[in-house]
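Residue numbering for the sequence shown follows my numbering, beginning at 589 and increasing consecutively. Just so you know, even glycine gets a beta-carbon here, dropped at the ideal spot from N, CA and C. What follows is one structure encoded as structure tokens, with my remarks underneath.
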Amino acid sequence: MLKVFGHKSPDTDTTASAIVWAWYQSEMRNVPAKAFVQGTPNTEALFVLKHWDAPVPDQLELAAGDQVVIVDTNNPAELPDNIGDAALTAIIDHHLLVGGLKTKTPIDITIRPLACTATIMYDLMGSAVERAPRHIQGLMLSCILSDTLEFRSPTTTPHDRAVAEELARALRVDIPALAADMFAAKSDVSAFSEAELLKMDSKEYSLGGKELRISVLETTSPAQILSRKDALVAAMPGVAAEDGADQVLLFVIDILKEEATLLVPNDLVKTIAEKSFGVTVTGDTVVLPGVMSRKKQIIPMLAV
Numbered sequence: 589m590l591k592v593f594g595h596k597s598p599d600t601d602t603t604a605s606a607i608v609w610a611w612y613q614s615e616m617r618n619v620p621a622k623a624f625v626q627g628t629p630n631t632e633a634l635f636v637l638k639h640w641d642a643p644v645p646d647q648l649e650l651a652a653g654d655q656v657v658i659v660d661t662n663n664p665a666e667l668p669d670n671i672g673d674a675a676l677t678a679i680i681d682h683h684l685l686v687g688g689l690k691t692k693t694p695i696d697i698t699i700r701p702l703a704c705t706a707t708i709m710y711d712l713m714g715s716a717v718e719r720a721p722r723h724i725q726g727l728m729l730s731c732i733l734s735d736t737l738e739f740r741s742p743t744t745t746p747h748d749r750a751v752a753e754e755l756a757r758a759l760r761v762d763i764p765a766l767a768a769d770m771f772a773a774k775s776d777v778s779a780f781s782e783a784e785l786l787k788m789d790s791k792e793y794s795l796g797g798k799e800l801r802i803s804v805l806e807t808t809s810p811a812q813i814l815s816r817k818d819a820l821v822a823a824m825p826g827v828a829a830e831d832g833a834d835q836v837l838l839f840v841i842d843i844l845k846e847e848a849t850l851l852v853p854n855d856l857v858k859t860i861a862e863k864s865f866g867v868t869v870t871g872d873t874v875v876l877p878g879v880m881s882r883k884k885q886i887i888p889m890l891a892v
């Protein structure tokens, strides 16, 4: 059986795209496949699964020799420690090429500069999309709305939008209404500890000899998160130490205002903020107007 899974700290795209690709392999290509997750999907992903009546994937257990497809990442740091022992057959991704993965045989790799893994899958699946059940089409639509922040993110391409609108027409779904419900679910983080919030949507990144954990929280209610600022800052050293990192950078993305607030707990983050974004930091937070995307507007800009 082919095991299909994405990155740790599963969001909507990595969770649902694994389900979509497993369905396509099993039902359209006669290759038995099953979707898995690495960790608990975030609140938006769980809402999406419930909304489209799709089960939450099982937790991944990877053994040597398992045949796998990786979706929505190619970064070894976001994959199981024993990924090198698996039989990796394919990668479908929309992130920068990190490198470091080694395979035993040639594999099929598709990495395209689109906003969402599900958009790539839509293209790869061709006419099979029309034969997909409602929940598969719905999951694909939700992935695109999530990763593009309903087309607000600068990562959005005309093709992402066109695919989303085509899926919405076929499903007779109102995009603004669905997106509003998704973002409301994503914004409800009251049940999570500060450490869980810092790890909820996080990527590892090396910069100037420093190991950073770049965490992003996308929300329509930033005040709910920023009211916990002191507790979040207090939790940062523990989360960093757990991952062998030097510092956690937390960006709170206001989906509606289209801006980010970066927490500034110390001089290292102050220096990074001022050198990276051309701002002057005078307190323990700094607002970055127009910054919405970690992939396009945060990580490429980072400097020390």
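Exposed or buried, GLU632, counting other C-beta atoms within 10 Å across all chains shown (16 or more means buried)? Locating residue 632 in the sequence shown gives position 44, counting from the first residue. With 16 or more other Cβ atoms within 10 Å, it is buried.
Pairing CB atoms from the region 821 to 835 with CB atoms from the region 843 to 862, are three or more of them under 8 Å?
yes
* To do: Pair every Cβ in the region 599 to 614 with every Cβ in the region 646 to 660, then say whether three or more of these pairs are closer than 8 Å.
  => yes
Below 8 Å between beta carbons: does that hold for ILE802 and SER790? What you label residue 802 is simply residue 214 of the sequence shown in a count that begins at 1. What you label residue 790 is simply residue 202 of the sequence shown in a count that begins at 1. It is a contact, given that the beta carbons lie within the stated cut-off.
(message) I'd like the list of long-range same chain contacts for PHE865, defined as Cβ closer than 6 Å, with 5 residues on each side in sequence excluded.
(response) Residue 865 sits at position 277 when you count from the first residue of the sequence shown. Answer for PHE865: LEU876, listed in chain order.
Which word fits GLY714, buried or exposed, when buried means at least 16 other C-beta atoms lie within 10 angstroms of its C-beta? Stepping through the sequence shown from its first residue, residue 714 is reached at position 126. Flag for GLY714 reads exposed.
What does the alpha-carbon distance come out to for the pair VAL892 and ASN670?
On the sequence shown, position 304 is the one that residue 892 refers to. On the sequence shown, position 82 is the one that residue 670 refers to. Going by the C-alpha atoms only, they are around 33 Å apart.
Can you tell me whether DSSP reads ASP748 as helix, strand or coil?
Here residue 748 corresponds to residue number 160 of the sequence shown, with the count starting at 1. It is helical.
| Just how far apart, CA to CA, sit MET616 and ILE724? | Your numbering for residue 616 matches position 28 in the sequence shown. Your numbering for residue 724 matches position 136 in the sequence shown. C-alpha separation (whole angstroms): 13 Å.
Review point. Does the distance from the CB of MET880 to the CB of LEU737 come in under 8 Å?
Key: For the purposes of this step, residue 880 is taken as residue 292 along the sequence shown, with counting starting at 1. For the purposes of this step, residue 737 is taken as residue 149 along the sequence shown, with counting starting at 1. Going by C-beta atoms, MET880 is nearer than 8 Å to LEU737.
*Per DSSP, what kind of secondary structure is ILE699 in: helix, strand or coil?*
For the purposes of this step, residue 699 is taken as residue 111 along the sequence shown, with counting starting at 1. Residue state, collapsed to three classes: strand.
Reduced DSSP category for SER775 - H, G, I as helix; E, B as strand; rest coil: Residue numbering aside, residue 775 sits at position 187 when the sequence shown is read from its first letter. Correct three-state label for SER775: helix.
Element boundaries [beta strand (DSSP E), containing THR849]
Residue 849 sits at position 261 when you count from the first residue of the sequence shown. Looking at the DSSP string, the run of the beta strand (DSSP E) that includes THR849 is 847 to 851.
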